[in-house]
Every structure is written in structure tokens, then in C-alpha cells.
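K.L.:
Here it is, the structure in full.
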Amino acid sequence: MTQSHHSEDRGERVVLSADEIGRALTRIAHEILERNHGAAELVLLGIPSRGVPLAARLADRIRLAEERSQAPDGEPPVRVPVGELDITLYRDDLRHHPTRSLTPTVLPPGGIDGRVVVLVDDVLFSGRTVRAALDALTDLGRPRAVQLVALVDRGHRQLPVRADYVGKNLPTAVTERVQVRLEEIDGVDAVAIGGTR
Amino acid sequence: MRHLLDAGDLSRDEAVGLLDVAEAMARTQSRQIKKLPALRGLTVVNLFFEDSTRTRISFEAAAKRLSADVINFSAKGSSVSKGESLKDTAQTLRAIGADAVVVRHSASGAPHRLAHAGWIDTPVVNAGDGTHQHPTQALLDAFTLRRHLADGTGDLQGRHVVLVGDVLHSRVARSNVQLLHTLGARVTLVAPPTLLPVGVEDWTCDVSFDLDTAVDGGAPAGAPDAVMMLRVQRERMTSGYFPSEREYARRYGLDRARVDRLPEHAIVMHPGPMNRGLEISAEAADSPRSTVVEQVANGVSVRMAVLYTLLAGQDPAQAAADITRTETR
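Going line by line, the protein sequences match chains E and Y. Under the UniProt record's numbering, the residues of the first sequence are numbered 1 to 197, in order. Under the UniProt record's numbering, the residues of the second sequence are numbered 1 to 329, in order.
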């Protein structure tokens, strides 16, 4: 890491650069294909806000990987269906915060019944978001299997949840803040650890 | 936002925010499983001192879709004088452990009294008080207008809505004029002079006595984007406000001929219940431009949004105390 441990302006250090995020997503795309023997049954669901662009990027990378590995005369691969899963109404901490705004839940046209749903989130921390996402999925249909992508796993789980695909395992103190910034939302790709709050 | 008592209390951002949440709620209502867990464990009391079918059922459906428990408290027939009975009832609700009170009362200002008298400390939602306010109706009307005229986003800037009929007794009209103005729409009231309240000239709208001019887009405000018919509230009429029902229907009723003269995109609204043949003809009520049934469906989404906004978060004071705690994702 080139950045100083004590950069004065934000009190934070960058732990994943744009290139490293890109390489992690490419690796995860291949891992998803390997684990599921192709992309045929997959549905990617991003958890807002930053899981959504991550899911879209993974879908692009999965198609790219499939194009490279296909037979020259085969059908060109189709993009894996991508959706968004808003979990706000399923959170267990609604009453511990001011009222949260809602984002749309968008399912691909084929729905999720019988598919392998890959949930995509930026940071895996307590595991409560994933718990809420599993509840939300139950109300939307019955996937054949559910898998989880986290760009960063920072530990400190409060529920028995683990990610199937992790961009980077990041040991943190509970009081530290992990900031994921993505081009689509923040104008820049970077993961940084901020100081204690 | 602690209570929803008055459509005039809402800022533009608050109103647009509620409509956006209502859009999100509406999208969840096309699912097979419509129930959401957001208000699990909370109790919503529907306190109705006045008859209502659609508003009570709508609030009940909204609360249940969000997993709240609902207690329907019908106070009809109570012989205790109003001030006392409201206080007694409030204390009963407090003892029951209500987390929110939805109140309809024939006395204007009753929900405000309930919210601010210190009898209870829960959010209060005004479901219609006397001839004063009906804010959730105004929100659902704005929601319906926004879906038809503004692709379901933002405000209603520059849109023109004509409200026709019994403005005098209509809490729907009062709330709608305020909310539509807040959202940037122009409003024209059309009514016989006897059915306009004192002081209407101070409202944020134009007033006309002639429906045909308004339908044809004449002065003052131009072609309408929507026509909202108001129910003639005969149960509140203590004297003669118009010579005969036939004359009222001819001058202020929306019939097929008037609907056909509206701009092509304009919608026909009515808050219900309708007096078919009086303020609206059956043909107009059942025409493809009529949004009457859609308004009822939208009412559930809007009331879900109101209950969610008032109840799902914590009190602002509690929130401030909580911010010091470690945030969990």
C-alpha cells in the first residue's frame, strides 16, 4: 500500500486500489463460474446501494469469461440476469435509526424461482444485512440455492453467516469504518479504512 | 415528522419523500407475498368516530401489510361529550399500548387535540376531521396524479387540477388545495357560490363558478390535466345549498359530454363514495379515464408509506442518543 497510514485530511488509508478491486471482481467472476459449472442458472442480485453496481460489473465479467472459454462456433453467451434487492423493510434495526429511505427491488424478468441467486454486497460485517436479504428472498420466491459475494469481509460477525466469494479479508477493529467507493456512485474506485468514530 | 395531521404541514421535500416511499410500497404490492415485516410487533389503533369504509379498510390493509397488529376502535354511539370522550378514549389507548393512532372524527381539530394534549405520546394520523383535513386522501390523490402526469417521480410542477363541487363541506378539497400547491400544481375550484367556504379567496387557488369554462380550458388557469369531483355531502347539509339535484347535476355534474371535451390526457378523479347521477354520471365514473378504483388501490400504498415513515424509525431524540453507539451493518 502506497498511501501513508496517517494521511491527515481524512484520517483514513486505502486498502484496495481501483486495479485491485478490478482484479478481485475478475477472480470472483471466475470462481462463480467454476463453482456453478457455468452461468446458465445464475441470477445476480445487488444489495443497494453499492452492491448494485458490483453485481452489474460481475455480470459483465462473467460474460467476458464465458466468451473466452466458449467453442468458436457456439452460441454467444447471454449476460447473466441482474437485479436489485432492497432489504430495508426486513432489517432488524429499523427502530434504532431514523426512518430509512427505500430503494426499489428489481427482479429480472425470469424471477428467482429455481435459480441460483448470488447476492452481492460491498462489505460483510455483522451479517445482519445478509440475514435480512435471506428473509426478503423468501418473500420473493424460492431459489434453488443462494450464494454470497462480499467485496470486503471485515469480520466481527454477529450471526452465523459466511461469504462464498470474498474480494479481500480485512482485519479491522469494531470501531473502524470501512469505506467502499465505486465509480458509479462516488466517482472513484477505492476501499479505505477510516479512523474510529 | 412526528404526526400527520394537516396536508399544509408538509414541505415539498416531505411530500415528495412520502410519495417516493409510496411508490416503493406499491411495487411490493404486486408480489405474491404482500406482507412486509417492517412494523412487526407494533400496534396501530384505528379510532373511528365517524363512518368510513374505504379509509378504515385502507389503513387496516396498510398496517397489516407492514405486519403491525391492528385494533379497530369504533366509537360510534358514544353519548359522552366530545372533549371528555376523546380524552377517556386516549387514556384507554395508552393503557392498551397503542404505538400509533389513526383517528377520524366529525369535529374539526380532534386529531390535533389528540396529538398535542399530552394524553398519549404516540404518532397520530388524521384520517379525516370534520370539514377540516384529510391528508392521506390528498397524498393518494397526488400519488395518482403523479403516476399519470409525471411518470411517478418528483412533484407536479405546472400541472393544472380542477376540483369541482361541494368545497364547503370537503376536507378533501382543503387538503388537496394545500398539498397540490406545495407540489407546484395550479388548482381551480369550481362550485356554486353557496358551496364555497368563507375565506376561500385566501386559498392558494383560483375560483370559478362555471364548470364548462374550466372543462374547455378557459380562463383563469387554462386546460386541466385532471378533474377531481367532490362528493355532495348531503349528510352535512343543514339547509338548501342548491335548488334541486337535477339543476346541480346539470351545472356541476361531470357527464359524458364534459369528459369528451377534456384534453386527451386528462384524468377523472373522485375520492368516493360517489353519488352517481349527481356530481358524476355513471358513464364518466366508469370511463377509461376514471381513476376512482386506482385511487383506492393507491390509498393502501400511500398509507403504508405514512405508517412506515412515522413508525419504522425511532424518535429523533432516541436517534441522537443512538448515534454514539457503534453502527452495525
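Beta carbons: idealized from backbone N, C-alpha and C, even for Gly.
What residue from Ser85/Y, Pro123/Y, His132/Y, Ala63/Y has the CA that sits closest to Asp6/Y's CA?
P.N.:
Ranking Ser85/Y, Pro123/Y, His132/Y, Ala63/Y by Cα distance to Asp6/Y puts His132/Y first.
K.L.:
Would you say Pro224/Y lies against chain E (beta-carbon separation less than 8 Å)?
P.N.:
Not closer than 8 Å to any Cβ of chain E, the Cβ of Pro224/Y fails to qualify, so no.
K.L.:
Counting pairs of Cβ atoms below 8 Å between the stretch 135-147 of chain Y and the stretch 301-314 of chain Y, do you hit three or more?
P.N.:
The stretch 135-147 of chain Y is in contact with the stretch 301-314 of chain Y.
K.L.:
Take Pro111/Y and list the residues in its own chain whose beta-carbon comes closer than 6 Å to its own, dropping the five residues that flank it on each side.
P.N.:
Cβ neighbours of Pro111/Y beyond the five flanking positions: Leu5, Val103, Val124, Asn126, Asp129.
K.L.:
My output table needs one value for Gln295/Y: the three-state DSSP class, helix, strand or coil.
P.N.:
Three-state result, Gln295/Y: helix.
K.L.:
Would you mind telling me which residues of chain E sit closer than 7 Å to Val125/Y, beta carbon to beta carbon, in chain order?
P.N.:
None at all; the shortest Cβ gap to chain E is about 15 Å.
K.L.:
Hey, is Val21/Y's beta-carbon within less than 8 Å of any beta-carbon in chain E?
P.N.:
At least one chain E Cβ lies under 8 Å of Val21/Y.
K.L.:
Provide the residue span of the beta strand (DSSP E) that contains Gln70/E, from first to last.
P.N.:
Gln70/E -> no beta strand (DSSP E), and no H or E assigned at all.
K.L.:
I'd like to confirm the pairing. Which residues does DSSP put opposite Arg104/Y in its beta bridges?
P.N.:
Its beta-bridge partners are Phe48/Y.
K.L.:
Tell me the rounded alpha-carbon separation between Tyr90/E and Ala136/E.
P.N.:
Rounded to the nearest angstrom, the two C-alpha atoms are 6 Å apart.
K.L.:
Who are the neighbours of Asp186/E on chain Y, taking C-beta pairs under 9 Å?
P.N.:
Here the premise fails: no neighbours, minimum Cβ distance about 17 Å.
K.L.:
Whole angstroms is fine: what's the gap from Ile323/Y's alpha carbon to Ala133/E's?
P.N.:
The predicted position of Ile323/Y is uncertain, since its pLDDT is 45 and thus under 50; no value can be drawn from it.
K.L.:
For chain E, is any of its Cβ atoms less than 8 Å away from the one on residue 398/Y?
P.N.:
There is no way to answer for residue 398/Y, as the model of chain Y reaches only from 1 to 329.
K.L.:
Can you tell me whether Ser79/Y is helix, strand or coil according to DSSP?
P.N.:
Its pLDDT being 45, under 50, Ser79/Y is placed unreliably in this model, and the value from its coordinates should be taken loosely. Ser79/Y: coil per DSSP, three-state reduction.
K.L.:
When the cut-off is 8 Å and only beta carbons count, does Pro135/Y lie next to chain E?
P.N.:
It does not; no Cβ of chain E falls within 8 Å.
K.L.:
Does chain E have any CB closer than 8 Å to the CB of Ile71/Y?
P.N.:
By this cut-off, Ile71/Y is not an interface position.
K.L.:
If distances are taken between C-alpha atoms only, which option among Arg95/E, Ala40/E, Gly38/E comes closest to Ala312/Y?
P.N.:
Of the listed residues, the one whose Cα sits closest to Ala312/Y is Arg95/E.
K.L.:
List the residues of chain Y whose Cβ lies closer than 8 Å to the Cβ of Pro109/E, in chain order.
P.N.:
Correct list: empty, because the minimum Cβ distance to chain Y is about 14 Å.
K.L.:
Please classify Val3/Y: does DSSP put it in a helix, a strand, or coil?
P.N.:
According to the sequence provided, residue 3/Y is His. The question's Val does not apply to it. Coil at His3/Y, not helix or strand.
K.L.:
Given that Leu36/Y touches chain E, what residues does it touch there, using C-beta distances under 7 Å?
P.N.:
Residues of chain E passing the Cβ test: Leu89.
K.L.:
In this structure, how does DSSP classify Arg157/E when only helix, strand and coil are distinguished?
P.N.:
Correct three-state label for Arg157/E: coil.
K.L.:
At the level of alpha carbons, what is the spacing between Gly154/Y and Pro197/Y?
P.N.:
Between Gly154/Y and Pro197/Y, the C-alpha separation is close to 31 Å.
K.L.:
Please confirm whether Pro104/E has its beta-carbon closer than 8 Å to some beta-carbon of chain Y.
P.N.:
At least one chain Y Cβ lies under 8 Å of Pro104/E.
K.L.:
Under 8 Å between C-beta atoms, does Pro53/E make it to chain Y?
P.N.:
Answer no: the Cβ-Cβ gap between Pro53/E and chain Y never drops below 8 Å.
K.L.:
Give the residues of chain E in contact with Thr309/Y, contact being defined as C-beta atoms less than 7 Å apart.
P.N.:
Those are Thr99, listed as they occur along chain E.
K.L.:
Tell me whether the stretch 202-209 of chain Y and the stretch 232-250 of chain Y touch, counting them as touching only if at least three CB pairs, one residue from each stretch, are closer than 8 Å.
P.N.:
With a cut-off of 8 Å, the stretch 232-250 of chain Y and the stretch 202-209 of chain Y do not count as touching, because too few Cβ pairs lie within range.
K.L.:
In the DSSP assignment, find the alpha helix (DSSP H) that holds Phe73/Y and state where it starts and stops.
P.N.:
Where Phe73/Y is concerned, there is no enclosing alpha helix (DSSP H), although the beta strand (DSSP E) it sits in stretches over 69-74.
K.L.:
With a threshold of 7 Å on Cβ separation, who are the neighbours of Arg111/E within its own chain once the five nearest residues in sequence on each side are excluded?
P.N.:
Checking the sequence, you will find Gly at residue 111/E rather than Arg. Excluding positions up to five away in sequence, the list reads Gly141.
K.L.:
Apart from the five residues on each side of it in sequence, which residues of its chain come closer than 8 Å, Cβ to Cβ, to Ser101/E?
P.N.:
Counting only Cβ-Cβ distances below 8 Å, and skipping sequence neighbours, we find Thr88.
K.L.:
Is it buried or exposed for Thr175/E, if we count other Cβ within 10 angstroms and need 16 for buried?
P.N.:
Result: exposed.
K.L.:
Give the interface partners of Asp60/E over in chain Y, defined as CB-CB distance under 9 Å, in chain order.
P.N.:
The contacting residues do not exist; Asp60/E stays about 26 Å from chain Y at best.
K.L.:
Give the range of the alpha helix (DSSP H) segment to which His112/Y is assigned.
P.N.:
Note, His112/Y: alpha helix (DSSP H), 110-116.
K.L.:
Does Pro48/E have its Cβ less than 8 Å from a Cβ in chain Y?
P.N.:
It does not; no Cβ of chain Y falls within 8 Å.
K.L.:
Excluding the 5 residues preceding and the 5 following Arg56/Y in the sequence, name in chain order all residues of the same chain whose CB lies nearer than 6 Å to its CB.
P.N.:
Once the five neighbours on either side are set aside, the close Cβ partners of Arg56/Y are Asn46, Phe48.
K.L.:
Rounded to a whole number of angstroms, what is the C-alpha to C-alpha distance between Asp153/E and Pro53/E?
P.N.:
The straight-line gap from Cα to Cα measures roughly 18 Å.
K.L.:
If you measure between the beta carbons of Arg63/E and Leu25/E, is that distance less than 8 Å?
P.N.:
Their beta carbons are not under 8 Å apart, which means Arg63/E does not touch Leu25/E by this criterion.
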